[in-house]
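Residue 131 in this note's numbering sits at position 131 of the sequence shown, with consecutive numbering throughout.
Virtual Cβ for every residue (Gly too), placed ideally from N, Cα, C.
Predicted model, so just to flag it, every value in this text is computed and none were measured.
One structure is given here, and the rest of the page talks about it.
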Amino acid sequence: MDRNRLIRDIPPTRTSATGSLRLTASVVAAELGRLTPRDRLLLDLLDQHRTFTTDQLVDLAFGSVGRARNRLNTLHDRDILDRFRHYHRPGSQAWRWTLGPVGAAIIAAGRDEALPRPAAVRDATARLAMSPTLVHLVTVNGFFVALTAHARTRLGARLVRWWNEARCREACGNLVRPDGHGVWSDNGPAVPFWVEADLGTETLSRVVGKLTGYAALPPRWAYPVLFWLPTTAREANLHAHLRRAGVPDGVTVATATADHAAASGGPAGPVWRIVGHPDRVSLAGLPAPGGDGAPWDG
1 MDRNRLIRDI
11 PPTRTSATGS
21 LRLTASVVAA
31 ELGRLTPRDR
41 LLLDLLDQHR
51 TFTTDQLVDL
61 AFGSVGRARN
71 RLNTLHDRDI
81 LDRFRHYHRP
91 GSQAWRWTLG
101 PVGAAIIAAG
111 RDEALPRPAA
121 VRDATARLAM
131 SPTLVHLVTV
141 NGFFVALTAH
151 ARTRLGARLV
161 RWWNEARCRE
171 ACGNLVRPDG
181 HGVWSDNGPA
191 VPFWVEADLG
201 TETLSRVVGK
211 LTGYAALPPR
221 WAYPVLFWLP
231 TTAREANLHA
241 HLRRAGVPDG
251 VTVATATADH
261 AAASGGPAGP
271 VWRIVGHPDR
281 VSLAGLPAPG
291 GDGAPWDG
């Protein structure tokens, strides 16, 4: 097996705060009573978005790395959270956190569903850890985490909505499969958008081909399509391809890159380059597709 794919710290049957991990309603109720509001927020986020890195959880819910690590380790010891990472020479990557058996049981109990078997929860974590789409998922989640972190430090800024891929698929049917959807507000009208996270692994023709599906969406879903790209070189090549291929009528497309955004306020900052326009604008400043320069009001 490739050592870069080896997984650490997904114990199949370890003894812990829940003993043999035979979960009952009373065990779940006892653990539920020990959760803080922040713990419940973490469980809800992991239920919706599957996994986050330690740094992402720091940005989402904690003020410091030290406090985050202490609490995450405590929740891990109680089987509320699980974690994994891959070997990467010369060291290992940061932990990826997921729901543990107790955390998954708490979520299930809140929905009046049958409690999942601990082995099934850990099997799901192992499958996620080995999934070829894991890097993409972490990238998409990182985009929304950056917006959430920005909102925590800027008065009047707020990530009003954050949908995962599955929720987007429910809304869009078979027309298109966005990686995410959000509504961003920053001291002005709300800005709804679709997100396509690009890792540079697909051909530009395939990337541009996704716009056909967005053009087929009903008017109420005609939000700007944001391509979140890894490098400015990839962005330049995409814009060149779009100039040749054209953008479907009724679709607004904007691009930004992780390397440029890192030094420019993240995805909330003035990093978005609208196709056909030379200047970059902030996420809150995206224009309406009609071309009149008016911001969206979601």
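- Around the CB of residue 73, fewer than 16 other CB atoms lie within 10 Å, so the residue is classed as exposed.
- Following the DSSP letters along the chain, one finds residue 65 inside the alpha helix (DSSP H) bounded by residues 65-77.
- DSSP places residue 185 inside the beta strand (DSSP E), whose first and last residues are 180-186.
- Counting only runs of 4 or more residues that sit fully inside the region 220-250, the alpha helix (DSSP H) segments are 232-245, in chain order.
- Setting aside the 5 residues that flank it on each side, residue 41 is surrounded in the same chain by 61, each with a C-beta closer than 7 angstroms to its C-beta; the list follows chain order.
- Going by DSSP, residue 118 is part of the alpha helix (DSSP H) stretching over 118-129.
- Of the residues assessed, residue 49 falls on the buried side of the cut-off, its CB having 16 or more other CB atoms within 10 angstroms.
- Unbroken alpha helix (DSSP H) runs of no fewer than 4 residues, entirely contained in the region 14-58, are found at 25-34 and 37-49, following chain order.
- For residue 206, the uninterrupted alpha helix (DSSP H) run begins and ends at 204-209, by DSSP.
- Between residue 194 and residue 274, the alpha-carbon positions lie close to 14 angstroms from each other.
- Closest by C-alpha distance to residue 216, out of 282, 136 and 248, is 248.
- The count of Cβ pairs closer than 8 angstroms, one atom from the region 234-250 and one from the region 116-130, stays below three, leaving the stretches out of contact.
- Nearest C-alpha to residue 37 among 139, 265, 71 and 27: 71.
- With contacts defined as CB atoms closer than 9 angstroms, residue 272 and residue 262 fail to qualify as a contacting pair.
- Here residue 145 carries a helix assignment [DSSP, helix/strand/coil].
- Secondary structure note for residue 101: its alpha helix (DSSP H) is the uninterrupted segment 101-110.
- In the structure shown, residue 150 adopts helical secondary structure according to DSSP, grouped into three states.
- Beta-bridge partners of residue 274 (DSSP): 254.
- Per DSSP, reduced to three states, the secondary structure at residue 81 is strand.
- Between residue 80 and residue 43, the CB-CB gap stays under 9 angstroms.
- The shortest C-alpha to C-alpha distance from residue 264 to any of 251, 250, 282 and 157 is the one to 282.
- Assigned with DSSP and collapsed to three states, residue 160 falls in strand.
- Residue 176 places its beta carbon 9 angstroms or farther from that of residue 183.
- Residue 96 is bridged by DSSP to 53 and 84.
- Across the structure, residue 140 and residue 159 are spaced so that their CA atoms are roughly 15 angstroms apart.
- Sequence-distant partners of residue 143 (beyond 5 residues in either direction) whose C-beta falls short of 8 angstroms from its own C-beta, in its chain, are 180, 195, 197, 228 and 267.
- Residue 197: member of the beta strand (DSSP E) spanning 191-197, first to last residue.
- Judged by DSSP secondary structure, residue 166 falls within the alpha helix (DSSP H) whose first and last residues are 165-172.
- Here the alpha carbon of residue 208 sits roughly 11 angstroms from the alpha carbon of residue 225.
- Each residue's CA atom was taken as its position, placing residue 211 and residue 200 some 17 angstroms apart.
- In this structure, 188 is the residue among 137, 188 and 29 with its C-alpha nearest to the C-alpha of residue 157.
- Secondary structure at residue 287: strand, using DSSP grouped into helix, strand and coil.
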